[in-house]
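Here the structure is laid out as structure tokens; the discussion comes afterwards.
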Amino acid sequence: VLTRIIVPADLPPADFLSRMHAQMNVDPGTAMLGWKEAQERRGDPYHRLSSEQDVKDAFRDLIKLQESTRRKKEVVMQIVNL
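The C-terminal position of the sequence shown is numbered 269 in the numbering used here, with every residue numbered one higher than the one before it.
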């Protein structure tokens with residue numbers, strides 16, 4: 188199931204994680220979230236998304252991609268429960 192959720196980049200990391208757990212209907216205590224940017228290769232490993240620092244790092248990387256003058260495609264973060 189693919190769901191598109193748009194969140195502000197300045198959303199506090201704890202709120203982001205809480206929203207993702209709720210949207211994915213997974214238990215925050217047992218969930219192992221991971222993410223990829225949509226243009227990453229299929230075989231590339233997912234990046235960990237389990238702490239507030241992971242969220243900050245992910246947003247930093249995605250914003251950097253979005254600001255790239257070479258980038259023509261939309262930046263999309265795909266999140267999965269590993």
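Think of the CB as a built atom: it goes at the ideal place given N, C-alpha and C, for glycine as much as any other residue. Remember, it's a predicted structure, so these values are computed and weren't measured experimentally.
Around the beta carbon of residue 207, 16 or more other beta carbons lie within 10 angstroms, which makes this residue buried.
Beta-bridge analysis with DSSP links residue 265 to 223.
Beta-bridge pairing by DSSP links residue 228 to no other residue.
Excluding sequence positions up to five before and after residue 200, its CB lies within less than 7 Å of the CB of 239, 242 and 243, all in the same chain and listed in chain order. Here the alpha carbon of residue 265 sits roughly 10 Å from the alpha carbon of residue 192.
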